[in-house]
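Under the numbering used here, read the sequence shown as residues 2 to 205, first letter to last.
Here a beta-carbon is modelled for each residue, glycine too, at the ideal position from N, C-alpha and C.
The next block holds one structure in the form of structure tokens; read it before the comments.
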Amino acid sequence: MRFSYLRHITSVLVVLGLVAGIVACKPVVTREDPNSVTDLSGNWNDTDSRKVSQEMIQDVLSQPWLGKFTRKNGHAPTVIVGTVRNLSHDHINTRTFIADIRRALINSGEVDFVASSGERGEIREERRDQDLNASEQTRKEMGNEVGADFMLKGTINSIVDAIDGEQVRFYQVDLTLIDLSTNRVVWAGQQKIKKSIERSGIRL
2 MRFSYLRHIT
12 SVLVVLGLVA
22 GIVACKPVVT
32 REDPNSVTDL
42 SGNWNDTDSR
52 KVSQEMIQDV
62 LSQPWLGKFT
72 RKNGHAPTVI
82 VGTVRNLSHD
92 HINTRTFIAD
102 IRRALINSGE
112 VDFVASSGER
122 GEIREERRDQ
132 DLNASEQTRK
142 EMGNEVGADF
152 MLKGTINSIV
162 DAIDGEQVRF
172 YQVDLTLIDL
182 STNRVVWAGQ
192 QKIKKSIERS
202 GIRL
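Below you can see the structure in the form of structure tokens.
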């Protein structure tokens, strides 16, 4: 009788343990404002990308090159974003940063914008398909693309300094705007981000 009772208690405890394990494994999901500042690891994140791109674009659009080009040519310049190289210690998705730059440029209304080299390949393939399959009234002809006047490109670098439980991360973003006709650099911009991270009891 005592053995049967202990076996019953053991079975109940096993079931309760399994239920507790299942509950403990269930993820807790909280929706956040995409524009809120969230900095968990101290690594480069979406807030850094958005902040740097906005400040860089505000700077590039406030410099003399824009007015000079508009007065000389009578229209807004056409810009394309080239390569932004990640030379930092972080794994940074530069495509997100480039997308932030493009959005800020387009939304400014100060410049025209053309598709990237990768996007142009897909668009040109679509035009070739239209040339064979679309009606004469709706097909888009080759050779009518708008050429960019300037290319924006740059690098992301970082320096890490750490001792015991404290770490300082320094990010530097350098962008240049290059005249595609002459290779002249008409603007050079720089933004810096410095983060201090403390982790108690953990050696970095």
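Same chain only: Cβ atoms within 6 Å of residue i, ignoring 5 sequence neighbours per side
{"i": "Gln173", "result": "Asn158 and Lys193"}
{"i": "Trp188", "result": "Val61, Gln64, Trp66 and Leu178"}
{"i": "Gly119", "result": "none"}
{"i": "Arg86", "result": "Thr156"}
Within 9 Å, strictly: CB atoms of residue i and residue j
{"i": "Val45", "j": "Ile93", "result": "Before going further, note that residue 45 is Trp rather than Val in the sequence given. For Trp45 and Ile93, yes; Cβs fall inside 9 Å."}
{"i": "Val29", "j": "Leu176", "result": "no"}
{"i": "Leu106", "j": "Leu153", "result": "yes"}
{"i": "Asp162", "j": "Val169", "result": "yes"}
{"i": "Ile160", "j": "Phe171", "result": "yes"}
{"i": "Ala111", "j": "Ala77", "result": "The question names Ala, but residue 111 is Glu in the sequence shown. A contact, by the Cβ cut-off of 9 Å."}
{"i": "Met143", "j": "Asp130", "result": "no"}
{"i": "Glu126", "j": "Glu167", "result": "no"}
{"i": "Arg104", "j": "Ser54", "result": "yes"}
First through last residue of the beta strand (DSSP E) which encompasses residue i
{"i": "Lys195", "result": "Val186 to Glu199"}
{"i": "Asn74", "result": "Per DSSP, Asn74 belongs to no beta strand (DSSP E); it is in the alpha helix (DSSP H), Pro65 to Asn74."}
{"i": "Ser159", "result": "Phe151 to Ile164"}
{"i": "Arg170", "result": "Glu167 to Asp180"}
Extent of the continuous alpha helix (DSSP H) run through residue i
{"i": "Asp132", "result": "Ser118 to Asn134"}
{"i": "Glu56", "result": "Asp47 to Val61"}
{"i": "Ile93", "result": "Looking at the DSSP string, Ile93 is not in any alpha helix (DSSP H), and its letter there is neither H nor E."}
Interface flag, residue i vs chain D, CB-CB below 9 Å
{"i": "Gly75", "result": "This model lacks chain D altogether, as it is built from one protein chain only."}
Cβ shell of residue i (< 7 Å), same chain only, five flanking positions each side left out
{"i": "Ala135", "result": "none"}
{"i": "Gly190", "result": "Met57, Asp60, Val61 and Leu176"}
{"i": "Arg51", "result": "Asp101"}
{"i": "Leu88", "result": "Thr156, Ile157 and Asn158"}
{"i": "Ile124", "result": "Ala116"}
Residues bridged to residue i (per DSSP)
{"i": "Arg86", "result": "Thr156"}
contact_flag[the region 110-122, the region 75-82] where n(CB pairs < 8 Å) is 3 or more: yes
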